[in-house]
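In what follows, a single structure is set out as structure tokens and then discussed.
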Amino acid sequence: MESCCLNKEQDMETQTMAEKMFSALADIQTTRASVASSALSNGLTLYQNGKYKEAAASFRQATALKPDYIDAYNYLAMADLKTGDRKAAIKAYSNSLLLDRTQDDIHVKLANIYIEDKNYTDAEKELKTASQVNPANALPYYTLGLLQQQQGKNAEAEKSFRQTVRLSPNDGNAYYGLGLALSKQGKYNEAITQLTKATSLKRNFAPAMYELGNIYAAQGNNDKVQQQIDSLTALDTSQADGFVTDLQETLRQPKIASVVKEKSSFNFDLGTVPLVALDTSLVTPGSSKEFSITFKFDSEMDVASVNNITNWKISKSGSAAGGLYDDGLYRETDRAAATTMPVRVIYDPTKLEATVMFSIYQNDTGTGTIDASNLTFKFLGKDISGKSMDSAADEYNGFAGKVF
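Be aware that the sequence shown starts at 212, since it is given in this note's numbering, and climbs by one per residue.
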């Protein structure tokens with residue numbers, strides 16, 4: 212009986228000690244939580260004052276005192292980013308997500324760091340996880356679309372942007388992203404629809420106007436391109452001005468700038484004359500003489516295109532701009548004077564100059580004539596970027612005295 216009472220007293224004493232220990236631990240935890248909260252508050256004040264390194268130290272102290280402090284990890288990541296410690300920021304966000312993986316906004320923030328680090332694989336994983344934990348959030352789909360677009364995955368980007376549009380039907384950026392993805396796939400008509408919608412939702416949306424201009428240029432609709440140029444010019448911003456310059460370049464076509472007469476052996480200034488007036492060697496019946504004309508372009512040209520003699524046409528003018536060859540007489544004596552294409556062409560890309568060599572032929576009686584001023588040269592090739600010649604500046608003859 213005495214032993215039983217003793218055991219009972221010991222049990223009660225042990226229980227009391229345990230309760231005290233638990234109470235003490237609870238007090239310690241409460242104290243640590245309170246100190247952690249104070250550290251977080253202090254860190255926020257430091258952060259707001261631009262003292263990011265000190266703020267990071269306070270946030271780190273808060274996580275040490277309270278290892279499950281999600282907010283502290285998130286603020287720590289923000290402070291680490293401000294100090295340029297991207298590796299530490301990734302670790303902080305990762306710790307936060309270990310505690311609560313349903314934070315879709317944190318998945319997106321972590322993905323953005325990966326994107327800047329060009330770690331596209333992990334970025335895509337985070338964005339897809341974000342969309343899974345919160346399917347109603349448009350931001351993960353939008354960011355994923357941008358990432359896929361950046362990697363040239365335009366079909367996948369199209370799907371992501373369509374989800375963005377579905378979730379955020381009044382966001383002009385979503386339609387812009389979709390329009391750009393469609394444009395990159397050559398789906399121009401649908402892209403125009405989406406980009407036009409973007410400009411209707413977002414006023415003065417210069418990037419969307421610019422992309423519309425690029426699509427119209429690809430379609431060869433120069434009038435529509437000019438409309439976008441006019442709209443961008445009216446915005447009067449540095450970004451819009453940059454877009455205007457680019458679009459104007461898409462409209463620009465290469466031109467023959469001039470004839471370099473001092474480097475040319477053919478005399479364009481002569482009218483209708485006997486062939487012997489060009490060179491005395493042509494006094495001989497059945498003879499021929501090679502002449503040259505040097506043309507200067509206003510753009511870098513495709514060397515192979517310029518050197519290809521089939522891209523050059525030599526003809527007797529019959530247009531208003533170039534005049535009427537020999538006043539329309541077309542004498543028997545000048546019918547075979549010149550060939551219809553050069554013998555050879557040599558292009559100097561350093562000077563943007565093409566020297567065209569061609570032959571003049573004397574007839575069998577030595578009585579050949581030529582209207583030198585109305586012998587017209589036309590170039591049908593392309594520049595270095597593949598653009599065709601400006602049809603208003605691809606011909607030259609002496610009658611006009613200028614390119615036409």
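Backbone N, C-alpha and C fix where the C-beta goes; we use that ideal spot for every residue, glycine too.
Work out the CA separation of residue j and residue i for me, nearest whole Å.
i, j, result
"Asp509", "Val470", "12 angstroms"
"Thr518", "Ser570", "Position check: residue 518 holds Asn in this sequence, whereas Thr was assumed. Taking the straight line joining both Cα atoms gives about 17 angstroms."
"Ser245", "Tyr280", "12 angstroms"
"Ala334", "Lys398", "28 angstroms"
"Leu309", "Gln464", "58 angstroms"
"Ala468", "Ser599", "15 angstroms"
"Val494", "Lys593", "39 angstroms"
"Thr274", "Lys264", "16 angstroms"
"Val556", "Glu543", "29 angstroms"
"Asp559", "Gly529", "31 angstroms"
"Ala299", "Asn432", "52 angstroms"
"Asn384", "Pro351", "14 angstroms"
"Val554", "Ile504", "12 angstroms"
"Thr407", "Asp382", "13 angstroms"
"Ala583", "Gly609", "7 angstroms"
"Thr461", "Ser371", "30 angstroms"
"Tyr353", "Gln459", "31 angstroms"
"Leu443", "Leu355", "29 angstroms"
"Lys336", "Arg373", "19 angstroms"
"Asp537", "Ser492", "23 angstroms"
"Asp447", "Phe270", "45 angstroms"
Of the choices the options, whose alpha-carbon is the least far from that of residue i?
i, options, result
"Gly533", "Ala515, Thr587 and Asp480", "Thr587"
"Leu358", "Asn348, Thr332, Thr340 and Pro380", "Thr332"
"Pro496", "Asn323, Leu276 and Gln573", "Gln573"
"Glu501", "Thr242, Gly254 and Leu489", "Leu489"
"Val514", "Tyr353, Gly356, Val554 and Lys562", "Lys562"
"Ser581", "Ile326, Leu481 and Ala611", "In the sequence under discussion, the amino acid at residue 581 is Ile, which differs from the Ser named in the question. Nearest of Ile326, Leu481 and Ala611 to Ile581, Cα basis: Leu481."
"Ala548", "Gly383, Thr483 and Asp559", "Thr483"
"Leu292", "Thr448, Asp328 and Asp311", "Asp328"
"Met512", "Glu564, Gly254, Lys435 and Ala409", "Glu564"
"Asp545", "Ile520, Ile426 and Gly577", "Gly577"
"Asn425", "Glu337, Asp457 and Leu412", "Asp457"
"Gly597", "Ala429, Phe270 and Leu276", "Ala429"
"Thr242", "Ser379, Val487 and Leu276", "Leu276"
"Glu157", "Gly453, Lys262 and Lys339", "Nothing can be reported for residue 157: it is not among the residues displayed for the chain, which extend from 212 to 615."
Does the distance from the CB of residue i to the CB of residue j come in under 9 angstroms?
i, j, result
"Glu401", "Leu393", "yes"
"Asn585", "Leu535", "yes"
"Asn522", "Phe590", "yes"
"Thr566", "Lys472", "no"
"Tyr284", "Ser307", "yes"
"Ala288", "Ala268", "no"
"Asp316", "Asn348", "yes"
"Asn345", "Thr313", "yes"
"Ser683", "Leu321", "Because the chain in this structure spans residues 212 to 615, residue 683 falls outside the shown range and cannot be described."
"Gln405", "Tyr386", "yes"
"Lys395", "Gln361", "no"
"Arg297", "Ile324", "yes"
So residue i and residue j are in contact, right, with Cβ under 8 angstroms, and what is the actual spacing, rounded?
i, j, result
"Gln450", "Ala417", "5 angstroms"
"Gly388", "Thr375", "7 angstroms"
"Gln439", "Leu423", "5 angstroms"
"Tyr607", "Phe477", "Rounded, the Cβ-Cβ distance is 11 angstroms, inconsistent with contact."
"Ala247", "Ala266", "About 15 angstroms; that fails the 8 angstroms criterion."
"Tyr286", "Leu251", "7 angstroms"
"Ser526", "Thr551", "7 angstroms"
"Ala604", "Lys466", "4 angstroms"
"Asp486", "Gly579", "The sequence shown places Leu at residue 486, not Asp. 4 angstroms between Cβ atoms; contact."
Helix, strand or coil for residue i per DSSP?
i, result
"Tyr541", "coil"
"Arg414", "coil"
"Ala532", "coil"
"Asn608", "strand"
"Val471", "coil"
"Pro380", "coil"
"Asn549", "Note that residue 549 is Ala in the sequence shown, not Asn. If DSSP states are grouped into helix, strand and coil, Ala549 belongs with the strands."
"Met568", "strand"
"Lys589", "strand"
"Ala237", "Confidence at Ala237 is low in this model, with a pLDDT of 45, below 50, so its placement is unreliable and the value that follows should be read with caution. Reduced to three states, the DSSP call for Ala237 is helix."
"Pro351", "helix"
"Met289", "helix"
"Ser649", "Any question about residue 649 goes unanswered here, given that the chain covers just 212 to 615."
"Glu501", "strand"
"Val514", "helix"
"Arg271", "helix"
"Asp434", "helix"
"Arg555", "strand"
"Phe506", "strand"
"Lys277", "coil"
"Ser492", "helix"
"Lys613", "strand"
"Thr444", "helix"
"Thr456", "helix"
Using 8 angstroms as the cut-off, classify the Cβ of residue i as near or not near the heavy atoms of the ligand MN, replying yes or no.
i, result
"Ile301", "With respect to the ligand MN, the structure shown offers nothing to examine, as it has no ligands at all."
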